[in-house]
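Engineer:
Protein chains: 2
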Amino acid sequence: MSTEVTPFITPGALLAHWQGHRRLTRKVIEAFPDEKLFAFSVGGMRPFGTLAMEMLTMAVPMVKGIVSGDWGMSNDRDARPKQELLRLWDDTTEQLNRLWPQIPPQRFLETMTAFGQWPGVVHDLILYVIDNEIHHRGQGYVYLRALGIEPPAFFDRS
Amino acid sequence: MSTEVTPFITPGALLAHWQGHRRLTRKVIEAFPDEKLFAFSVGGMRPFGTLAMEMLTMAVPMVKGIVSGDWGMSNDRDARPKQELLRLWDDTTEQLNRLWPQIPPQRFLETMTAFGQWPGVVHDLILYVIDNEIHHRGQGYVYLRALGIEPPAFFDRS
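As you go down the protein sequences, you meet chains A and G in turn. Heads up: the first sequence begins at 13 in the working numbering, then just goes up one per residue. Heads up: the second sequence begins at 13 in the working numbering, then just goes up one per residue.
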């Protein structure tokens, strides 16, 4: 049974949009000096490395839960070398590409309870993860400026 | 002719999602002391009032252009009292609600050139405006923390 609703965006285009954001976030991670990544912040907030680890502990676990109903989640946000963080980032890129087509198309409009705690329409659960990444990456831009480092261009998702 | 593509999200749900973000951004504007809104920033960046004016000069002009092909845009980002900024914010809320249903549903998947300069699929043009708001609002969170002010909860879109 096909729906007759005209989409704002299709699932495939949304994944492409998200991966574009993730390429930009990767550049922000790269822009931090290794010794500042988990040590520097402004206003008593969390360092950018911790925020990037939060993004990783949300992205694949959310999509995996939507695919399978298995809502396991790691809370490991410990400091680690930038190269290890980038390796985890790239692993997540591949896992998202592999998991995404396994989401049954109708599911995006259904309601689920993420991690046994947060009920919502699946598209809103996914947008929350993406929006949280954009939100914290914007904070990373301020940290970089405060360090005297020019952040990557917001509009460039290459 | 109806499309058979299953949506990630429908146009109506996307507007509701955006207006939820806009309610949160409004709370961030409100959280700034009037005398800091256009005067305070971190790392030589633009003050939050200027960023909020940028959001306003993008939102309705983008949707109006998508509806009508009229790509007029104001670049007025001058300082003004918080109450005036909030009034402009609320005007935009109503204008978006009025303009949105005038977008022909198929158009979200078509390509347009926004403001005569930026070609893109219409859903990406709209997401750019929303993502830019989330990005700069995240920066506003850092400014508030640097001022010793607790920002509103990111997850609360009421």
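Built from N, CA and C at the ideal position, the CB exists for glycine as well.
1. Taking the runs of the beta strand (DSSP E) that are 3 residues or longer, which of them lie wholly in the stretch 112-164 of chain G?
2. Are Gln151 of chain A and Leu63 of chain A touching if we call contact CB-CB under 8 Å?
3. For a quick check, are the C-beta atoms of Arg36 of chain A and Ala71 of chain A less than 8 Å apart?
4. When the Cβ atoms of the stretch 40-52 of chain A are set against those of the stretch 35-51 of chain G, are three or more pairs found closer than 8 Å?
5. Measure the C-alpha to C-alpha separation of Phe20 of chain A and Glu162 of chain A and round it to an integer number of angstroms.
6. Would you mind giving the Cβ-Cβ distance between Arg149 of chain A and Gly56 of chain G, rounded to the nearest angstrom? I have them listed as a contact below 8 Å.
7. Ignore the nearest five residues each way along the sequence and tell me which others in Met85 of chain G's own chain have a CB closer than 7 Å to its CB.
8. In whole angstroms, what separates the C-alpha of Gly132 of chain A from that of Thr125 of chain A?
9. Does any residue of chain G bring its CB to less than 8 Å from the CB of Leu108 of chain A?
10. What is the residue span of the alpha helix (DSSP H) that Pro23 of chain G lies within?
11. Can you tell me where the alpha helix (DSSP H) holding Ser80 of chain A begins and where it ends?
12. Report buried or exposed for Phe60 of chain G, applying the criterion of at least 16 other Cβ atoms within 10 angstroms of its Cβ.
13. Buried or exposed: where does Pro116 of chain G fall if 16 or more other Cβ atoms within 10 Å of its Cβ makes it buried?
14. Take His135 of chain G and list the residues in its own chain whose beta-carbon comes closer than 6 Å to its own, dropping the five residues that flank it on each side.
15. Output yes or no for whether 8 Å exceeds the beta carbon distance between Val75 of chain G and Leu111 of chain G.
16. Quick one: using the 10 Å Cβ neighbour count with 16 as the cut-off for buried, is Thr123 of chain A buried or exposed?
17. So which residues of chain G does Gly17 of chain A contact, with C-beta pairs closer than 8 Å?
18. Distance check for Asn144 of chain G and Phe166 of chain G, CA to CA, integer angstroms please.
19. What number of angstroms, rounded off, separates the C-alpha of Glu66 of chain A from the C-alpha of Asn87 of chain A?
20. Step through the CB atoms of chain A and report whether any lies within less than 8 Å of the CB of Ala158 of chain G.
Structural biologist: So, from the data block:
1. Here the runs fully enclosed are 123-126 and 130-133.
2. The answer is yes: Cβ separation under 8 Å.
3. Checking the sequence, you will find Leu at residue 36 of chain A rather than Arg. No, Cβ-Cβ distance for Leu36 of chain A and Ala71 of chain A is not below 8 Å.
4. Segments in contact, no.
5. Near 34 Å, if we compare the C-alpha coordinates of Glu162 of chain A and Phe20 of chain A.
6. With 8 Å as the limit, Arg149 of chain A and Gly56 of chain G do not qualify as a contact, their Cβ atoms being about 19 Å apart.
7. Thr69, Pro73 and Phe127, listed in sequence order.
8. Going by the C-alpha atoms only, they are around 6 Å apart.
9. Interface with chain G (8 Å Cβ-Cβ cutoff): Leu108 of chain A is excluded.
10. Counting along the chain, the alpha helix (DSSP H) containing Pro23 of chain G begins and ends at Pro23 to Ala43.
11. Its alpha helix (DSSP H) spans residues Phe60 to Ser80.
12. That one is buried.
13. Its Cβ having fewer than 16 others within 10 Å, Pro116 of chain G is exposed.
14. Phe120, listed in sequence order.
15. A distance below 8 Å separates the beta carbons of Val75 of chain G and Leu111 of chain G.
16. When all chains shown are included, Thr123 of chain A counts as exposed.
17. Position check: residue 17 of chain A holds Val in this sequence, whereas Gly was assumed. Correct list: Pro19 and Thr22.
18. Straight-line Cα distance between these residues: approximately 16 Å.
19. Approximately 8 Å, taken between the alpha carbons.
20. At a cut-off of 8 Å between beta carbons, Ala158 of chain G contacts chain A.
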